[in-house]
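Protein chains in written order, with the numbering used here: chain H, 1 to 146; chain B, 1001 to 1146.
Just so it is clear, CB atoms sit at the ideal spot from N, CA and C, and this is done for glycine as well.
Written out below as structure tokens is the structure these notes cover.
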DNA sequence: TTAAGTGCAAAGGTTTTGCGAAACT
DNA sequence: AGTTTCGCAAAACCTTTGCACTTAA
């Protein structure tokens, strides 16, 4: 498991190699994504960025996020209408746990077995490139407060 | 596996028992959902409904879909920004296969093992209520045309 | 009869686009 | 120096809401 510093460097390298400019705004955004395991929304990232760059805009945040998604460095998660979150903590496909009460999102300690993916591919005729697993439930904190 | 006619009756019964009125618009929408395994969008459902009810509105479609989701008879899928689809073909949780080129969505011939779900629950402390599995790739048709 | 549902139109909220100004390489 | 990128504002888009009319039970 790579640490956050390495993750930051990885993403920056990828951007550079792909010919994208390393502007301060982008570097700050990448830092936020690599550092946090909070799976933030675009609005949350924007709010944090504003502390360093008071004049930055949501448009810039979205543009950079799209670049990172294209490069495969960030996953865009669609948890519902107006609940899009971005996961830059780990390049590899990994399941998420989502609390239906507080909307916390954390990485799940599991992987889908390769054999299951193969089975589905063979049975369906699809060429499977990636997958997405989400577990919905109550986080430990919200279970208490029920 | 229940057939489409049974599925239609099931959903209608659930609505009735829950005290919802069985209007012609609702029955027609339920019919579309039960009959098709196409995982349609709200707009697609609206377009089909208009053939029978030229004055119907998207608002009515959304309202009915929300009722059905609350009752657990329909699953709302969030595949991306402005790519929400509705699955009324099967009450039980089941994975989906999504073609990244033509955006076709079909049910995947597999289930997540209960033991995997249990493992995640124990390891995380979450009380898991449901889950969502999506495989992304190329459908047989789109593989040909590449 | 009457409370729930329909449908129109307008509002709401997130994401995208256009374009002149700024800045990275 | 030349493009990419920024950031503002406006547009676009889907979804939701308000409200008077209609209708299922």
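Inter-residue Cα distance where the pair is residue i and residue j
i	j	result
residue 1065 of chain B	residue 1131 of chain B	20 Å
residue 1071 of chain B	residue 102 of chain H	22 Å
residue 134 of chain H	residue 115 of chain H	19 Å
residue 74 of chain H	residue 90 of chain H	8 Å
residue 1106 of chain B	residue 1036 of chain B	11 Å
residue 16 of chain H	residue 1120 of chain B	37 Å
residue 81 of chain H	residue 42 of chain H	14 Å
residue 1013 of chain B	residue 1030 of chain B	11 Å
residue 1057 of chain B	residue 1144 of chain B	39 Å
residue 122 of chain H	residue 146 of chain H	44 Å
residue 1067 of chain B	residue 20 of chain H	46 Å
residue 9 of chain H	residue 3 of chain H	10 Å
residue 1 of chain H	residue 76 of chain H	Note that residue 1 of chain H has pLDDT 49, beneath the 50 cutoff, so the model's placement of it is unreliable and the number below is only indicative. Going by the C-alpha atoms only, they are around 21 Å apart.
residue 7 of chain H	residue 1059 of chain B	45 Å
residue 113 of chain H	residue 18 of chain H	32 Å
residue 11 of chain H	residue 1011 of chain B	48 Å
Among the options, nearest to residue i - alpha-carbon criterion
i	options	result
residue 1084 of chain B	H/87, H/79, H/117	H/79
residue 1062 of chain B	B/1055, B/1045, B/1050	B/1045
residue 140 of chain H	H/100, H/95, H/121	H/100
residue 1108 of chain B	B/1119, B/1115, B/1095, B/1120	B/1095
residue 92 of chain H	H/82, H/69, H/81	H/69
residue 87 of chain H	H/125, H/30, H/39	H/39
residue 1028 of chain B	B/1019, B/1005, B/1018	B/1005
residue 138 of chain H	B/1128, B/1076, B/1117	B/1128
residue 124 of chain H	B/1110, B/1003, B/1076	B/1110
residue 148 of chain H	B/1126, B/1118, B/1142	In the structure displayed, chain H extends from 1 to 146; residue 148 of chain H sits before or after that span and is not available.
residue 97 of chain H	B/1117, B/1007, B/1060	B/1117
residue 1104 of chain B	B/1112, B/1136, B/1060	B/1136
is_contact[residue i, chain H] using C-beta, thresh 8 Å
i	result
residue 1023 of chain B	no
residue 1133 of chain B	yes
residue 1139 of chain B	yes
residue 1072 of chain B	no
residue 1181 of chain B	The structure shown does not extend to residue 1181 of chain B, since chain B is modelled only from 1001 through 1146, so no value can be given for it.
residue 1064 of chain B	no
residue 1145 of chain B	no
residue 1080 of chain B	yes
residue 1053 of chain B	no
residue 1001 of chain B	Because the pLDDT of residue 1001 of chain B is 49, which lies under 50, any placement of that residue in the model is unreliable, and the question is left without a value.
residue 1127 of chain B	yes
residue 1018 of chain B	no
residue 1011 of chain B	no
residue 1130 of chain B	yes
residue 1136 of chain B	yes
residue 1097 of chain B	yes
Minimum Cβ-Cβ distance from residue i to chain B less than 8 Å
i	result
residue 40 of chain H	no
residue 120 of chain H	yes
residue 60 of chain H	no
residue 115 of chain H	no
residue 14 of chain H	no
residue 36 of chain H	no
residue 92 of chain H	no
residue 124 of chain H	yes
Supposed contact pair residue j and residue i - C-beta distance, whole angstroms, cut 8 Å
i	j	result
residue 33 of chain H	residue 48 of chain H	No, residue 33 of chain H and residue 48 of chain H are not in contact; Cβ-Cβ is about 10 Å, not under 8 Å.
The ligand PLP heavy atom lying under 7 Å from the CB of residue i
i	result
residue 136 of chain H	As presented, the structure is devoid of all ligands, the ligand PLP included, so that no description of it is given.
Quiz item: Do the region 1011-1026 of chain B and the region 1051-1061 of chain B touch if we need at least three Cβ pairs shorter than 8 Å?
Solution: yes
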